[in-house]
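Protein chains in written order, with the numbering used here: chain A, 3 to 189; chain F, 3 to 189; chain D, 3 to 189; chain S, 3 to 189. Yeah, the Cβ is synthetic: ideal placement off N, Cα and C, and Gly gets one too. Working notes, beginning with the structure itself.
There are 4 protein chains.
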Amino acid sequence: MANAPLDRSAALLSKLSAVRLLAMDVDGVLTCGEIEVNSDGFETKRFHVADGLGIQLCLLAGLQVAWISGRSSEAVSRRAAELNIPHLTMGCANKAKAVAELIGRFTLQPENVAYIGDDLNDLPALSLAGVRFAPSNAISEVKALADMVTERSGGCGAVREVCDVILKAQEKWNGAVEIYLAGLLRP
Amino acid sequence: MANAPLDRSAALLSKLSAVRLLAMDVDGVLTCGEIEVNSDGFETKRFHVADGLGIQLCLLAGLQVAWISGRSSEAVSRRAAELNIPHLTMGCANKAKAVAELIGRFTLQPENVAYIGDDLNDLPALSLAGVRFAPSNAISEVKALADMVTERSGGCGAVREVCDVILKAQEKWNGAVEIYLAGLLRP
Amino acid sequence: MANAPLDRSAALLSKLSAVRLLAMDVDGVLTCGEIEVNSDGFETKRFHVADGLGIQLCLLAGLQVAWISGRSSEAVSRRAAELNIPHLTMGCANKAKAVAELIGRFTLQPENVAYIGDDLNDLPALSLAGVRFAPSNAISEVKALADMVTERSGGCGAVREVCDVILKAQEKWNGAVEIYLAGLLRP
Amino acid sequence: MANAPLDRSAALLSKLSAVRLLAMDVDGVLTCGEIEVNSDGFETKRFHVADGLGIQLCLLAGLQVAWISGRSSEAVSRRAAELNIPHLTMGCANKAKAVAELIGRFTLQPENVAYIGDDLNDLPALSLAGVRFAPSNAISEVKALADMVTERSGGCGAVREVCDVILKAQEKWNGAVEIYLAGLLRP
C-alpha cells in the first residue's frame, strides 16, 4: 500500500489509459522466483490461477499481452499455450530488444507499453516502457523506477493487480468481466 | 477475524442450519491457487490434509459434498477419489449450471446449498447458493458477496473452517468426531 | 511464544526428563500438511532439513524415535530410511494402538512417551502420551491438550524445536551436538 | 533489520573488503530447507532466481564462489552447472575441511573467505571463515556467530543480499551490473 496515494493519482491514470501492450517477465513476476529443478533436468513452474484470469480479461478487452523470459522452460510454454498468450519470447537475454520489436510490429509508441519486471535484467525493458510495474518482491532498483508497486508478490497475484488497474483505468473492466461471465454461462 | 462478530450472528447460524450440500471450487479454495505445471504437461496439485479431514466429517454427518472445477486435472480426480467425494465436476465453464443440476437431483432449495469460491468465475454459482463462503485469498468482489470470509486461505485449511462452522451450527460436529474417532480406534 | 512462561516451567521440565520415546504424526507435523498429488498418482512430500538434524541428535542421545502416519507414501518411507528412523508405521488408522505397542515393546510407562500431533486423528495417541506437543498449525482441540505448542509450524522446524527442548531438559543437547560435530569433523 | 546498524558498521565493511571466496551451504541457504522427496527417490530443489543473478554478479566481479552441501542431489548439480558455479562439493560431511582445501588451493587467508550457513553442521566451516553470514531462518547458535543476519530467508533471496553487500562494500557492484547489463544488451 506504500504507493497507494500515488498509484491512483491522475498522472498514473492518464498513463494507464494509453496502454495497448502489457509485457512481462516470467520468473519472479508470474512465479515467486523459485527455480524448481527436478533430478531429470525438467523444471516445474508454479503460476497463479488469478493471474491467468486477469490476463484473459485483458485479452477480452483487446490488449496485447507478451511474456518475455530470460530462461527457457517447457512449463512456461505450456502455461502460455493454455492462456493463449499471443507473444511468448523465451531464452531472451535482451528483453528491451524484444519489447522494441513488439513496439515496431504493432506501430506503438513507448507510452502504449506497460512492463512488469522484478530484477536487474528487466531494467532496460522497464526503461523503454511508458508504464512500469514492479511486484512487491522486486529489488529496490526496480521499485525505484516503477510507476506502481503491487501489493501482492510475483506468483501470488501481482499480475492480476496490474491487469485490474489497467482495465479499470481504461473503463474496460466491467465490460471484460461481463463478456467473461457470459462466456461461462453459455449453455 | 474481520467478520467474526457477524459470522457467529444468529442470522448466519440460521442460514448454516439449512445446509445440505457443500459445493466448492478447487483452485484457490482447496489449493492456494497455484497452477503447478511440469514439463511433461502434467499438473501437480497441493491439497491440505486438514481440509480432507473436515470433508470426511461432513460426509459422516450426512452432508452432500461437491467439487466443481473450471479446469481438468488427474491430480484433482485422484484426491477426490481418495476422499470419496460423491460429486466431482471438472472442466466446468458454467459452475452455476453444475450447482443447479445438483439442486435438482437432490430436490433441494437454494438455501440448502453452501458454496465456497474465490474468483470471478465463481460469482454466478455463489449468487445461486444460499450460504456463500470466501477464503481469505478471494478477490474483493467475491468477499463482498460472502456470508463469511475464512481466516485461513485456500489450500491452508479454509475448507476445514467452513466444514467446522457448518457442522457446529448444525450441532453435528461432536457426533461426527465421535464416529470418526471410533472408526480410527476400531481394532 | 504464547505458552513460553508455562513451557519452561518446572512441571514441564520434569515431564521432559522422563521422555524415552519421541513419537510423531507425519502430515502437518513433519510436513506443513500439504498433500501434493502428482498426475501419476505418486505423492511428493516436503520435509525440513532442520527437523532431520534434530532427530539425528535425539538418536545420538539414545532416544527412541517413531513416525506414525495415517497415510502411506513411498516418499515418507524414503525419508525415514535416510534418517534411520527406527520405528515407521504407515497406513495406520489407530495411532493410539501403535503407540501402545511401542510402550509394550520397550517396557515403557506412558510418561516416557512424547507425542507430536496436529489434528483430530492424533487425539487418542496424544491422550496416551505423557508429554504432548502441538505444532503452531494444530487445531485448537489439539493445542488445548498440549503441554507445549511450538513456535514453528509443521514442516518448518516444529519437530526440531521439540527435539531441542527435550534434549536440553535432559541435559543431553551439548553432548549430542559434540558427538554430531565430531562425526562431521572425522577425516 | 535487527543487525542493520551493526551490519553497515566500519568493522563489517572492512571485513567485507577482504572477501575473495564466497562459500555457502545449500539446504536452508540456497533453498528454504525443504527436502522435497518424490516417490521415485529423486529430490526436487527450489532455488531462487534472484540468488542466481547475485552469484553471476559475484563471478563477473572476479570472486570465487563455492557450494558445499552435506547431501547429494542431481538437482543441485544441475542448478550449479546452469550458474557455472566453479566449486561444487556434495555429500560433504566435513564442510570445514572443504573450506580449508579451497583456502589452500587459492592461497587465501581465512579473512578472504565469507561463508553462509544455517545449522549446526555449518558451525565448523563458519568458525573457519573470516566473514560469517546467517540467513534469517538460521538456528540461534549460528546467528550468534554471524557478522550479519540477512533479512530474507534461505531460498527467498538471502544469498542475493550477501552478494550485494559484499560487492557494494568492495565498490564492485556498479561495475558488475554494467558488465551484466551490457552482456544482456549485446545484439
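Here's the rule: buried if 16 or more other CB atoms are within 10 angstroms of the residue's CB, otherwise exposed. What is residue i?
i, result
"S129/S", "exposed"
"A178/A", "buried"
"G93/F", "exposed"
"T46/A", "buried"
"Q172/F", "buried"
"R107/S", "exposed"
"Q66/A", "buried"
"A148/A", "buried"
"G119/D", "buried"
"S74/S", "exposed"
"T176/A", "The question names Thr, but residue 176/A is Asn in the sequence shown. N176/A should be labelled exposed."
"T91/A", "buried"
"G30/F", "buried"
"A82/A", "buried"
"A68/S", "buried"
"A136/D", "buried"
"D9/D", "At D9/D, the pLDDT of 48 sits below 50, so the modelled position is not reliable and the matter cannot be decided from this model."
"A77/S", "buried"
How is residue i classed by DSSP in three states: helix, strand or coil?
i, result
"N176/S", "helix"
"E38/F", "strand"
"A116/D", "strand"
"L65/S", "coil"
"I105/F", "helix"
"V133/F", "strand"
"R80/S", "helix"
"L23/S", "strand"
"L32/F", "coil"
"I70/D", "strand"
"L128/S", "helix"
"R48/A", "strand"
"L147/A", "helix"
"L14/F", "helix"
"T90/D", "According to the sequence shown, residue 90/D is Leu rather than Thr. L90/D falls in the strand class under three-state DSSP."
"S142/A", "helix"
"A58/S", "A quick correction: the sequence has Gln, not Ala, at residue 58/S. Helix."
For residue i, I'd like the list of residues in its chain whose CB is within less than 6 Å of its CB, leaving aside the five on either flank, ordered along the chain.
i, result
"L85/F", "G54 and I57"
"R154/F", "A160 and E163"
"G132/D", "P112, E113 and V115"
"I141/S", "D121"
"V101/S", "A25, A127 and L130"
Residue i: which of the options sits nearest, CA to CA?
i, options, result
"K99/A", "G72/A, E76/A and E173/A", "G72/A"
"A1/D", "A25/D, T46/D and A52/D", "Chain D is shown only over 3 to 189; residue 1/D falls outside these bounds and no answer can be derived."
"S79/A", "A83/F, V115/F and D42/F", "D42/F"
"V28/D", "L14/D, V21/D, Y117/D and A102/D", "Y117/D"
"V21/D", "R134/D, I87/D, F44/D and N123/D", "R134/D"
"A13/S", "E180/S, D124/S and M150/S", "M150/S"
"K174/S", "S16/S, G64/S and A146/S", "G64/S"
"L186/D", "L15/D, K145/D, S16/D and L59/D", "L59/D"
"N123/F", "N123/A, E180/A, T152/A and A146/A", "E180/A"
Take residue i and list the residues in its own chain whose beta-carbon comes closer than 8 Å to its own, dropping the five residues that flank it on each side.
i, result
"R48/D", "T33, C34, E36, E38 and G157"
"N40/S", "T46"
"E143/F", "L122 and L125"
"L15/A", "A171"
Can you list, in chain order, the residues of its chain whose CB lies under 7 Å from that of residue i, leaving out five sequence neighbours each side?
i, result
"P126/D", "K97 and A98"
"H50/A", "G157, C158 and G159"
"L104/S", "L23, A25, A68 and H89"
"S11/F", "none"
"A95/A", "G72"
"L169/S", "L59, C60, A63, W175 and A178"
"K145/D", "A136 and V151"
How many whole angstroms separate the CB atoms of residue i and residue j, which I take to be in contact at a CB cut-off of 8 Å?
i, j, result
"L183/S", "L110/S", "Wrong, their Cβ atoms sit about 30 Å apart, outside the cutoff."
"L18/D", "V167/D", "7 Å"
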